[in-house]
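Read in order, the letters of the sequence shown correspond to residues 56 to 185 in our numbering.
This report refers to the structure that appears directly beneath it.
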Amino acid sequence: MNTIEFRIDRRSGVATYLQIVDQVKQALRLGVLIEGDRLPTAREVAETTAVNPNTTLKAYRELEREGLVEPRPGRGTFILHSLVMPAGADDSPLRAELRDWITRAHAAGLQREDITALVTSLTEDHYGRH
């Protein structure tokens, strides 16, 4: 069973429940979480992040509404299906190319925030802003 540990950035300006939703979706896209995995309970999230349990439950309800998770009374909240795309799998050529590019960008002096900003900008240019 895979698990996830949430990281909450209170300075990001993004609602805490949306950070949880986004982190679960990212874990699903990367294959960190797969079908059948159990998400941490609201109490477990509160213990590790100091997030109000109701906030976690709100995030889980949103994930349920999107058809990504299923609550099972007395057992927890479970992943229904993965969002992994073959091109994003750990062993995909595109992932390897991106890893190499990030290594080169870092060697050229770009910091994490610079790389994130560059990728976000190019992604928005290609797909448009949300």
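For every residue, glycine included, the Cβ atom is placed at its ideal position computed from N, Cα and C.
Predicted model, so just to flag it, every value in this text is computed and none were measured.
{"Item": "Go ahead and label Tyr-115 buried or exposed: buried means 16 or more other beta carbons lie within 10 angstroms of its beta carbon, across all protein chains shown.", "Value": "buried"}
{"Item": "Grouping DSSP H, G and I as helix and E and B as strand, with all else coil, what is Thr-71?", "Value": "helix"}
{"Item": "Give a yes or no on whether the C-beta atoms belonging to Leu-83 and Ser-137 are separated by under 7 Å.", "Value": "yes"}
{"Item": "So what's Pro-126 in DSSP terms, helix, strand or just coil?", "Value": "strand"}
{"Item": "Go to Ile-170, then tell me how far its alpha helix (DSSP H) extends in each direction, as first and last residue.", "Value": "167-182"}
{"Item": "Name the one or two DSSP bridge partners that Thr-132 has.", "Value": "Pro-126"}
{"Item": "Anyone know if the C-beta pair for Ala-162 and Ile-170 falls short of 7 Å?", "Value": "no"}
{"Item": "Comparing C-alpha positions only, which one of Val-174, Val-139, Tyr-182 sits nearest to Glu-90?", "Value": "Val-139"}
{"Item": "Secondary structure at Arg-93, three-state DSSP: helix, strand or coil?", "Value": "strand"}
{"Item": "Start and end of the alpha helix (DSSP H) containing Leu-138?", "Value": "Neither: Leu-138 is in no alpha helix (DSSP H) and is coded neither H nor E."}
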